[in-house]
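Using our numbering, you'd call the opening residue of the sequence shown number -17 and step up by one each time.
Below is one structure, written out as C-alpha cells, with a few remarks after it.
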Amino acid sequence: MTAPARVSAGAVTQYAVLDALLAGAYASGMPVDEALRHGDFGIGCCDRLGSEVVILEGRAFACTVDAPPHEMTGTDILPFADLCLEPPVPAVPTGPVDLPGLTALVENATVSRNLFHSVRVDGYFRAVRVRATRREHFPLRPLAEVASEQVESVLTDLEGTLVGFWAPAIYQGIAVAGLHLHFLAADRSAGGHVLDLTVDRGALAVGAFARFTLVLPTDPGFLASELTHDDDHRIVAVEGGAARPPDDQR
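Written out as C-alpha cells, the structure reads:
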C-alpha cells in the first residue's frame, strides 16, 4: 500500500528508551557522528544527562547549565536521541500562541495520531522557559531525581527555533508521548528542554512519519535492567512544565 503524499518516506530513528533514563540506565550512548547518519534534525541529551541537545540542519548543539550552547564533536555521546531527515513540508504562520495553543496547532496538523511527527517552529518568542541538567556521576541516579535539581531559565524577547517530535500515546515510555520540544536561540546564546513558552509570531512545519526505528543500548547496565513502564505521571513530572506562564517569572 502506498503511503499518503504527506507521509515522509524516511524514518524517525531513536536511540534508547525513555524508561531507561527513568531507571538510571544511561551509562552508554550513540556517538554524534553516528547519530547524524540517521538524520539532520532532532533532539536528545548529552553524556550522563549533562545537557539538552538540539540537532538542527545537520549540526548538534549541547545546551548546558552554565554556558551558552556549543556545537558537539563527532565523538560526543548521546544516551538518548530522536532524529530524522527533516522533511520538506511547508511552514504555516502560528500567530501569537502559548504552549497549549501550540500543542493544539501541532495536533491539528498531524496526519494521524498513530504516526510520529517532526515539529519545527521558527519565530520570535516573547518568553521560553527551558531547563538543563547537570552531568551525573556514578552511580547514576534515575532521571526523576536528576530533574528535581534541574536548572531552569526564562529566555525573553529573542528569535529562535523549536525542534522536536510529536509521538503517539501508545509509545509512552519508549518515547515521550505527545509533544516534546527543545529550543535553540538564533544567535546560539541559549537553549534547552522546553517547559513553557509564549510565541509572538512563528512559522510551524509538521512532518509525518510511518517508520520508526529503535536502536537499543548494549552496555551491561541496560542489559541487566528489566524495564517496566509504570504510571505516566513519572514522565509528565519529568518532561512537563508547571502551569504558570513564563511571563510570571520575568
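Idealized CB from N, CA, C, for every residue including glycine.
Asked, Found
"Alpha-carbon to alpha-carbon, Arg102 and Leu87", "12 angstroms"
"Straight-line Cα distance separating Pro78 from Val181", "5 angstroms"
"C-beta contact flag for Val28 and Gly174 at 8 angstroms", "Note that residue 28 is Cys in the sequence shown, not Val. For Cys28 and Gly174, no; Cβs fall outside 8 angstroms."
"8 angstroms Cβ cutoff met for Val110 and Phe165", "yes"
"Where the alpha helix (DSSP H) containing Asp64 begins and where it ends", "Premise fails: Asp64 lies in the beta strand (DSSP E), Phe62 to Cys66, not in any alpha helix (DSSP H)."
"Three-state class that DSSP yields for Ile59 in the structure shown", "strand"
"Pair within 8 angstroms by beta-carbon distance, Asp1 and Gly56", "no"
"Three-state secondary structure assigned by DSSP to Arg108", "strand"
"Residues near Glu141 by beta carbon distance below 6 angstroms, same chain, minus five either side", "Tyr106 and Ala168"
"Beta-bridge partners of Thr143, as assigned by DSSP", "Asp104 and Leu166"
"Spatially closest choice to His20 from Leu38, Ala(-7), Val(-11) and Gly160, by CA coordinates", "Ala(-7)"
"Which residues DSSP lists as bridging Thr131, in chain order", "One point to set straight first is that residue 131 is Glu, not Thr, in the sequence displayed. Glu131 pairs with nothing; no bridge assigned."
"Where the beta strand (DSSP E) through Leu177 begins and ends", "Gly173 to Val197"
"Burial state of Val218, where buried means 16 or more other Cβ atoms lie within 10 Å", "exposed"
"Status (buried if at least 16 other CB within 10 Å, exposed otherwise) for Leu65", "buried"
"Close-in-space but distant-in-sequence residues of the same chain around Arg30 (CB under 6 angstroms, 5 per side omitted)", "Arg117 and Glu118"
"Cβ pair Phe98, Phe194 closer than 8 angstroms", "yes"
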